[in-house]
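See structure below.
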Amino acid sequence: MLVKSNPDEKKDLINAIDSIREKMIQTGMQEGLASVKTLTLSQTLDEYITKYQSIQLTK
13 MLVKSNPDEK
23 KDLINAIDSI
33 REKMIQTGMQ
43 EGLASVKTLT
53 LSQTLDEYIT
63 KYQSIQLTK
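Numbering-wise (the numbering used here), the sequence shown opens with residue 13 and increments by one.
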């Protein structure tokens with residue numbers, strides 16, 4: 013079931029994606045790309061991107 017999104021939800025997701033991406037890059041540079049923290053952030057980022065993409069499809 014597709015649910016229409018509101019602009020605030022979309023904006024919040026974009027902000028979260030940008031924040032998580034920056035944190036993941038910093039963590040990857042400091043702890044390595046294979047560190048548990050980097051991989052966890054990568055998975056979280058994937059989830060947020062998937063949510064954003066599903067919202068885009070409801071246009």
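Glycine residues also receive a C-beta, built at the ideal position from the N, C-alpha and C atoms. Model, not experiment: these values are computed from the prediction.
Who are the Cβ neighbours of Met36 in its own chain at under 7 angstroms, not counting the five residues just before and after it?
So the qualifying residues of the chain are Thr50, Leu53, Ser54 and Leu57.
Determine the direct distance from the alpha carbon of Thr70 to that of Arg33, and round the result to whole angstroms.
For the pair Arg33 and Thr70, the Cα-to-Cα distance works out to about 24 angstroms.
Answer with buried or exposed for Thr62, where buried requires no fewer than 16 other C-beta atoms within 10 angstroms of its C-beta.
Counting C-beta atoms within 10 angstroms of its own C-beta, Thr62 has fewer than 16 neighbours from the protein chains shown and is therefore classed as exposed.
I want to see whether chain B comes within less than 7 angstroms of Gln68, judged by CB atoms only; does it?
The structure shown contains no chain B; it holds only a single protein chain.
Cutoff 8 angstroms; reference Gln68; Cβ partners in own chain excluding five residues on either side:
For Gln68, same chain residues with a beta-carbon under 8 angstroms away, outside a window of 5 residues either side, do not exist.
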